[in-house]
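Protein chains: 2
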Amino acid sequence: MSTYVVGHQNPDTDSICAALTYANLKQELGADVEAIRVGKINAETEFILDEFDVDEPELVEEVTADDQVILVDHNEKSQAVEGIEEAEILEIIDHHRIGDVETGNPIYFRNEPVGCTSTIVTKLYQENDVEISDKMAGLLLSAILSDTVIFRSPTCTETDKEIAEMLAEQLGVDIKNYGVRMFKAGSVVKKLEPKELVTNDYKEYQFAGDTIGVGQIEVMDVDEVDGIKDDILASIEELVEENDYKFLVLLVTDILAEGSLLMVSDSGIEVVENAFDVTVENNEVYLDDVLSRKKQVIPVLSDYLTQ
Amino acid sequence: MSTYVVGHQNPDTDSICAALTYANLKQELGADVEAIRVGKINAETEFILDEFDVDEPELVEEVTADDQVILVDHNEKSQAVEGIEEAEILEIIDHHRIGDVETGNPIYFRNEPVGCTSTIVTKLYQENDVEISDKMAGLLLSAILSDTVIFRSPTCTETDKEIAEMLAEQLGVDIKNYGVRMFKAGSVVKKLEPKELVTNDYKEYQFAGDTIGVGQIEVMDVDEVDGIKDDILASIEELVEENDYKFLVLLVTDILAEGSLLMVSDSGIEVVENAFDVTVENNEVYLDDVLSRKKQVIPVLSDYLTQ
Numbered sequence: 001m002s003t004y005v006v007g008h009q010n011p012d013t014d015s016i017c018a019a020l021t022y023a024n025l026k027q028e029l030g031a032d033v034e035a036i037r038v039g040k041i042n043a044e045t046e047f048i049l050d051e052f053d054v055d056e057p058e059l060v061e062e063v064t065a066d067d068q069v070i071l072v073d074h075n076e077k078s079q080a081v082e083g084i085e086e087a088e089i090l091e092i093i094d095h096h097r098i099g100d101v102e103t104g105n106p107i108y109f110r111n112e113p114v115g116c117t118s119t120i121v122t123k124l125y126q127e128n129d130v131e132i133s134d135k136m137a138g139l140l141l142s143a144i145l146s147d148t149v150i151f152r153s154p155t156c157t158e159t160d161k162e163i164a165e166m167l168a169e170q171l172g173v174d175i176k177n178y179g180v181r182m183f184k185a186g187s188v189v190k191k192l193e194p195k196e197l198v199t200n201d202y203k204e205y206q207f208a209g210d211t212i213g214v215g216q217i218e219v220m221d222v223d224e225v226d227g228i229k230d231d232i233l234a235s236i237e238e239l240v241e242e243n244d245y246k247f248l249v250l251l252v253t254d255i256l257a258e259g260s261l262l263m264v265s266d267s268g269i270e271v272v273e274n275a276f277d278v279t280v281e282n283n284e285v286y287l288d289d290v291l292s293r294k295k296q297v298i299p300v301l302s303d304y305l306t307q
Numbered sequence: 001m002s003t004y005v006v007g008h009q010n011p012d013t014d015s016i017c018a019a020l021t022y023a024n025l026k027q028e029l030g031a032d033v034e035a036i037r038v039g040k041i042n043a044e045t046e047f048i049l050d051e052f053d054v055d056e057p058e059l060v061e062e063v064t065a066d067d068q069v070i071l072v073d074h075n076e077k078s079q080a081v082e083g084i085e086e087a088e089i090l091e092i093i094d095h096h097r098i099g100d101v102e103t104g105n106p107i108y109f110r111n112e113p114v115g116c117t118s119t120i121v122t123k124l125y126q127e128n129d130v131e132i133s134d135k136m137a138g139l140l141l142s143a144i145l146s147d148t149v150i151f152r153s154p155t156c157t158e159t160d161k162e163i164a165e166m167l168a169e170q171l172g173v174d175i176k177n178y179g180v181r182m183f184k185a186g187s188v189v190k191k192l193e194p195k196e197l198v199t200n201d202y203k204e205y206q207f208a209g210d211t212i213g214v215g216q217i218e219v220m221d222v223d224e225v226d227g228i229k230d231d232i233l234a235s236i237e238e239l240v241e242e243n244d245y246k247f248l249v250l251l252v253t254d255i256l257a258e259g260s261l262l263m264v265s266d267s268g269i270e271v272v273e274n275a276f277d278v279t280v281e282n283n284e285v286y287l288d289d290v291l292s293r294k295k296q297v298i299p300v301l302s303d304y305l306t307q
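Keeping their order, the protein sequence lines are chains U and P. Using UniProt numbering, the letters of the first sequence correspond one by one to residues 1 to 307. Using UniProt numbering, the letters of the second sequence correspond one by one to residues 1 to 307.
Right under this line is the structure:
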């Protein structure tokens, strides 16, 4: 039997860093747990692990009835490690909407409306009076800067900022400098194939019985995708077909301009036009001030599709 | 628009006291919230409110799309105030299994595997550096003694004990003396009709598409129900029929002997025999060491019915 601390599928930086740091906290408190990941580490996370000299968590693609899991950064079954239905869920630390995970027994479930799971993990170090090592502080800071897009995301709260500033001070790191270096290291456009671009930071959602897919890539300039839009749209249609989605949306988020180009499969054009009250042309529409999938896109789609 | 702090239907002491105290904490922190109840206050809670001179929360039987709610002591829709599907859920403070509540946005959800919601509320006073008044300390202490059956329930943790002892010290109250007075004041057998006995502390659960009902009464001696068992069984069958339940279980919990007489409708005899590996005679079986519906009965039924 193993007890795993695990983030969501297609792990982003917060899912990896929150798993590593929360596992570290539990270990410091005497628990026998191990951080794992359920997918490939992205370029941004690779940069961070290298920067703070931390080994990547082991890849575990499926858990079994013998395993116990602590979920970080997600609480929806469709986003969790394969086999989650069999395993025992021990705890959940998250900052998303409350999803469909149910348990037979009472568990520790700590969900807070902050910008990053690692913000909550930092609070848990403090509440448990456990000192944060520089390595762990580096991971926590990086995850907060990543999830809040250096405090620019509307999901970012004062708590995220205060905690990030405290961690940066411990490390002697300049937040803006480091954040921009981190995001540049993570820019995915040139590294990935069009289909990988769509699924690199990707989640499925269930609404009224239908499944939709929502991917997001962050760029320093939305022009970065200009030359490959046709290939991206072809990949989007391919994924819709393969997975029998109602539709698929890709957000190309421009960090500096603070807006997102929303690209959508043919089957989702009408929903996007009605839900956001916009006109979609060539399967795309630019949404000013939209940076957060979780806070600005999913609630709008959810409201429209479940009304 | 109102913002309500509300416990579950058929409110027990924890649901009333956690609503009152958490509303008080939120008010101290500057929020405009109001504690409400969704059902009749039981005799034990009445004793407590009288003892600490606190007004009962207002009865609100239904919430609307204009209302915001903070759920305490439950996180299952079937146990919540009418209209919960319409209202906006702002927060959840609970100590039960993770149920079926879903939200569109991230919320504060604090669920801990402790014996009582009021234990968590006390921690939240401490985490927010808010002083606990004697009135609120009285409600918190009473709820902990009630939910943990004066520390006898297997759901009781060291945290519950430590916090109850701290509150008792603040109040200068002898825990055992006060607890026994409180439970005696709350003894329901002589006050209620048989059908009310079944539904006095009562919850519905959904398993594999079927609904079951599980009531619990606590007595100082299980003999208290000897003369009225036939009437209780008739009420049980009536409730099964009226509500189209798969079956209904009533736990008559003997606080001093630390066991429960489980009474069950005809339709549930086979499930109870198989799930608990016991023999049911005259629709009843005495279960040694079983005190907790949540921890010792629901998981057993859940495992059996969803296997």
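By construction, the Cβ of each residue, glycine as well, lies at the ideal position given by its N, Cα and C atoms.
Query                                                                                                                                      : Result
Cutoff 7 Å; reference V280 of chain U; Cβ partners in own chain excluding five residues on either side                                     : V264, I269, V272 and E273
Cβ-Cβ separation, D303 of chain U to G246 of chain U (assumed contact under 8 Å), whole Å                                                  : Checking the displayed sequence, the identity of residue 246 of chain U turns out to be Lys instead of Gly. With 8 Å as the limit, K246 of chain U and D303 of chain U do not qualify as a contact, their Cβ atoms being about 15 Å apart.
L59 of chain U classed as buried or exposed, judged by whether at least 16 other C-beta atoms fall within 10 angstroms                     : exposed
First and last residue of the uninterrupted alpha helix (DSSP H) at S235 of chain P                                                        : K229 to N243
Alpha-carbon spacing of K295 of chain U relative to Y202 of chain U, whole angstroms                                                       : 15 Å
Contacts around M220 of chain P, its chain only, beta-carbon distance under 8 Å, and the 5 residues preceding and following it disregarded : F183, K184, S187, D254, I255 and L256
Best match in U:H74, U:G104, U:P194 and U:V300 for proximity to L305 of chain P [C-alpha to C-alpha]                                       : U:G104
Interface partners of D100 of chain P on chain U, CB under 8 Å                                                                             : D100 and E102
E162 of chain U at chain P interface by Cβ criterion, 8 Å                                                                                  : no
For E82 of chain P and E61 of chain P, believed in contact at Cβ under 8 Å, the rounded distance                                           : 6 Å
Reduced DSSP secondary structure (H/G/I, E/B, other) of K295 of chain P                                                                    : helix
Rounded separation between K176 of chain U and I150 of chain U - CA only                                                                   : 7 Å
Those runs of the beta strand (DSSP E) which lie wholly inside the region 106-131 of chain U and span at least 3 residues                  : 108-111
Cβ-Cβ separation, A87 of chain P to V69 of chain P (assumed contact under 8 Å), whole Å                                                    : 5 Å
Same chain only: Cβ atoms within 7 Å of H16 of chain U, ignoring 5 sequence neighbours per side                                            : According to the sequence displayed, residue 16 of chain U carries Ile and not His. Answer for I16 of chain U: G7, R37, I41, T45 and P57, listed in chain order.
Residues that Y205 of chain U contacts on chain P, provided the C-beta gap is smaller than 9 Å                                             : Neighbours of Y205 of chain U on chain P: none; closest Cβ ~11 Å, over 9 Å.
Sequence-distant residues of its chain with Cβ nearer than 8 Å to residue 313 of chain P (five each side left out)                         : A question about residue 313 of chain P goes unanswered here, because the residues of chain P that appear run from 1 up to 307.
Contact with chain P by I112 of chain U, beta-carbon distance below 8 Å                                                                    : Reading the sequence as shown, one finds Glu at residue 112 of chain U and not Ile. Yes, its Cβ sits closer than 8 Å to a Cβ of chain P.
C-beta contact flag for S153 of chain U and G115 of chain U at 8 Å                                                                         : yes
Within 8 Å, strictly: CB atoms of S260 of chain P and L291 of chain P                                                                      : yes
Where E258 of chain U sits in the DSSP three-state scheme                                                                                  : coil
Option nearest A31 of chain P by Cα separation, candidates P:E112, P:Y4, P:I48 and P:L251                                                  : P:Y4
Check whether N128 of chain P and N75 of chain P have beta carbons under 8 Å apart                                                         : no
Same chain only: Cβ atoms within 7 Å of T157 of chain U, ignoring 5 sequence neighbours per side                                           : V114 and G115
Any non-hydrogen atom of the ligand MG closer than 7 Å to K77 of chain U Cβ                                                                : Among the components of this structure there are no ligands whatsoever, and the ligand MG is therefore not found.
Residues, ordered as in the chain, of the region 141-159 of chain U that lie near chain P by beta-carbon distance below 8 Å                : T155
Three-way DSSP call (helix, strand, coil) for E273 of chain U in this model                                                                : helix
Neighbour list for S302 of chain U in chain P, Cβ cutoff strictly below 8 Å                                                                : G104
Chain U contact for F109 of chain P (CB, 8 Å cutoff)                                                                                       : yes
8 Å Cβ cutoff, R97 of chain U in contact with chain P                                                                                      : yes
Below-8 Å beta-carbon distance, K77 of chain P vs any chain U residue                                                                      : no
Cβ-Cβ distance between I120 of chain P and H95 of chain P below 8 Å                                                                        : yes
Sheet register partners of L171 of chain P (DSSP bridge)                                                                                   : Looking at the DSSP assignment, L171 of chain P forms no beta bridge with any residue, so it has no partner.
Residues of its chain near A43 of chain P, where Cβ-Cβ distance is below 8 Å and the 5 sequence neighbours each way are ignored            : A185, G186, S187, V188 and K191
Interfacial residues, the region 272-294 of chain P to chain U, with Cβ spacing under 8 Å                                                  : K294
I41 of chain U - DSSP class collapsed to helix/strand/coil                                                                                 : coil
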